[in-house]
Amino acid sequence: MSDVKTSPLNIDAIRDDFPILNQEVHPGKRVVFLDSAASSQKPRQVIDAMSDYYETSHANVHRGIHVLSERATNGYEGARVKVKEFINAASAREIIYTRNTTESINLVSNAWGRTNLGPGDVVVLTEMEHHSNIVPWQILAAERGFTIRYVPVTDSGELDLDAYTAFLRDEPVKLVGAMHVSNMLGTVNPVEEMIAQAHAAGALFVLDGAQSVPHLAVDVQALDVDFLAFSGHKMAGPTGIGILYGKRALLEAMPPFLGGGDMIKRVTLEGSTWNTLPHKFEAGTPAIAEAIGMGAAVDYLRGIGMDNILAHERILVDYALDRLAEVPGLTLYGPDADKRNGVATFTLKDLHAHDLAQLLDAEGVAIRAGHHCAMPLHQRFGIAASARASFYLYNTTDDVDALVDAIEVARKRLGM
């Protein structure tokens, strides 16, 4: 494997850590995985950590005084501390385990939003949001009667910050919800500035970090963000585990999201009192193995270095945009390479993205095709679907070349 520039990563060693990459998906076709924005692959270290838990330590957490329960609890809570350190939260009590980014945002909309939003209030979102940061607020707006405003996206794939400033200046905004990095365009939004503006206007800020936390260093205290949501499965961890970070004072004031075991302190037939943070928001038997796997993923990423991962991905996306721009009939979407992270989204003439993805799969190249849970953004650009190649720490410029070669094969087959 080679890169056009010197990567800070030992790519051969990293690729050896990911068993799934060392196979042929079709005879003579190695797997070229360019769909990490949907879900990343898992290194042996994560797989082994979860297997070890099941083989040596499985028991329910917090509820037993026997050795296995103590081991499970230590692994589960130890992973929480690792996540706390990874995003530089002030306390592990501010780290809430959820199933994924979607559940994390739904927790905020239900527990904070249902308590604090009503007629006359405004929530500001953006046109580029993933459906998970649109639909929960639409559901709640229909119930509670508040208004949602959307920050437009420019032709270059960036947020119209003048419109954002105007919303905060002219309307009673109580909360802003925005993604750090666009899952379709790769746009890296200026969230530090946006958060400061929201706070100056008296609004809270919920940040969708699904596409940023796996790829670049995120410091919640430096950002001063109120809520941050992200998923384990996009950051080399397992599926079924996500994180909601929230400032402790906000979480303390919020009612529970789900009711049941572990989130209570005392239950009588007349009523209940809630457990302390973070357990108030973690009802029922949790995803113990998945939490331990996420902790192992944090260890793995920190060992490589988030700055190194970001530098490597920027080499890849810069190279990919140059190579894809050479393809006749291909249209790229999103900002220049210096304003985006490791995503390249495109259409090829009138060919539907699903058909293109199927043709690429025959060459061993795995990309995403469809609306990427960003239908409003596709409507903004006047397209029904797009093809998306997304890169992670295990990808190389050889993978980009394989993508372009596969597109050329598809073009020849279709006589384009």
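In our numbering, the protein residues as written are 30 to 445. All C-beta atoms, glycine included, are put in the ideal place defined by N, C-alpha and C.
Top-ranked residue by Cα proximity to valine 346, from Gly288, Lys368, Ile333 and Leu280: Against the sequence shown, residue 346 aligns to sequence position 317. Its Cα nearest to that of valine 346, the residue Lys368 stands out among Gly288, Lys368, Ile333 and Leu280.
Buried versus exposed, by CB contacts within 10 Å (16 or more), lysine 378: On the sequence shown, position 349 is the one that residue 378 refers to. Counting Cβ neighbours within 10 Å, lysine 378 comes out exposed, since fewer than 16 surround it.
Simplified DSSP state of methionine 30, which is helix, strand or coil: Taking the first residue of the sequence shown as 1, we reach residue 30 at position 1. Since pLDDT at methionine 30 reaches only 44, below the 50 mark, its modelled position is unreliable, and the value read off the structure follows with that caveat. In the structure shown, methionine 30 sits in coil (DSSP, three-state: anything other than H, G, I, E or B).
Cβ-Cβ distance between methionine 335 and alanine 246 below 7 Å: Reading the sequence shown from its first residue, position 306 is the one you call residue 335. Reading the sequence shown from its first residue, position 217 is the one you call residue 246. Result yes, Cβ atoms of methionine 335 and alanine 246 sit closer than 7 Å.
Collapsed DSSP secondary structure at valine 220 in the structure displayed: Counted from its first residue, the sequence shown places residue 220 at position 191. Helix.
Glycine 238 - DSSP class collapsed to helix/strand/coil: Locating residue 238 in the sequence shown gives position 209, where the first residue counts as 1. In the structure shown, glycine 238 adopts coil according to DSSP, grouped into three states.
Touch test, the stretch 340-355 against the stretch 428-441, Cβ-Cβ under 8 Å, three pairs minimum: The stretch 340-355 is in contact with the stretch 428-441.
Proximity winner among Asp45, Leu273, Gln387 and Gly393, relative to tyrosine 126 (alpha-carbon distances): Locating residue 126 in the sequence shown gives position 97, counting from the first residue. Among Asp45, Leu273, Gln387 and Gly393, the Cα nearest to that of tyrosine 126 belongs to Leu273.
Per-residue burial, tyrosine 105 [other beta carbons within 10 Å of its own, 16 or more giving buried]: The count along the sequence shown starts at 1 and reaches residue 105 at position 76. Buried: at least 16 other Cβ atoms inside 10 Å.
C-alpha gap between proline 165 and asparagine 135, whole angstroms: For this step, residue 165 is matched to residue 136 along the sequence shown. For this step, residue 135 is matched to residue 106 along the sequence shown. Straight-line Cα distance between these residues: approximately 6 Å.
Range of the contiguous alpha helix (DSSP H) that encloses glycine 324: Position 295 of the sequence shown, counted from the first residue, corresponds to residue 324. For glycine 324, the enclosing alpha helix (DSSP H) has its first and last residue at 317-333.
Through-space distance from valine 254 to isoleucine 177, alpha-carbon basis: As a working note, residue 177 is residue 148 in the sequence shown. As a working note, residue 254 is residue 225 in the sequence shown. When rounded, the distance between both Cα atoms is 20 Å.
Closest residue to glycine 269 among Ala320, Glu114, Ala229 and Val356 (Cα-Cα distance): On the sequence shown, residue 269 is found 240 positions in, with the first residue counted as 1. Closest option to glycine 269, Cα to Cα, is Ala320.
Assigned exposure category for alanine 258 - 16 Cβ within 10 Å defines buried: Taking the sequence shown and counting its residues from 1, the one referred to as residue 258 is at position 229. Buried, since its Cβ has 16 or more Cβ neighbours within 10 Å.
Identified DSSP bridge partners for lysine 203: As a working mapping, residue 203 is identified with position 174 in the sequence shown. Beta-bridge analysis with DSSP links lysine 203 to no other residue.
Where arginine 128 sits in the DSSP three-state scheme: Working through the sequence shown from its first residue, we reach residue 128 at position 99. Coil.
DSSP three-state assignment for phenylalanine 410, whether helix, strand or coil: Position 381 of the sequence shown, counted from the start, is the residue given in the question as residue 410. In the structure shown, phenylalanine 410 sits in coil (DSSP, three-state: anything other than H, G, I, E or B).
Beta bridge counterpart(s) of serine 301 as assigned by DSSP: Taking the first residue of the sequence shown as position 1, residue 301 is located at position 272. Under DSSP, serine 301 shares a beta bridge with Val296.
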